[in-house]
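When the letters of the sequence shown are read in order and numbered with our numbering, they come out as residues 85 to 155.
Encoded as structure tokens, the structure appears first; notes follow it.
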Amino acid sequence: MKNKNSKYLWISMISTIYILALITGFTIVEKNAQDIISSDSQQFLSYTLKDNFFLESVKIHFMGKNIVFNF
């Protein structure tokens with residue numbers, strides 16, 4: 085039983101690393117393409133704070149679109 089659980093752990097760990105590497109690759113390509121296309125580059129990740137302490141929103145600029153998460 086222990087060997088089967090260990091196998092699932094390794095498979096899930098490797099697949100998670102692959103997915104994170106894919107997302108990281110997309111982010112790097114997006115940033116480099118944005119720098120080449122326009123000289124006015126926007127920040128990839130920006131946030132706003134409410135009362136200098138609480139997180140109000142997080143904005144991600146990806147693939148030419150802004151994705152905003154409000155809290």
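Note that beta-carbon positions come from the ideal geometry of N, C-alpha and C, so glycine has one too.
Item: Along the beta strand (DSSP E) that carries N150, what are the first and last residues, could you check?; Value: K149 to N154
Item: What does the alpha-carbon distance come out to for the pair I151 and S96?; Value: 28 Å
Item: By DSSP's criteria, F138 is part of a beta bridge. Which residues make up the other side?; Value: K134
Item: Helix, strand or coil for F146? Go by DSSP, reduced to three states.; Value: strand
Item: Give every residue of the same chain whose Cβ lies closer than 7 Å to the Cβ of H145, excluding the five residues on either side of it in the sequence, and list them in chain order.; Value: Q126, Q127 and F128
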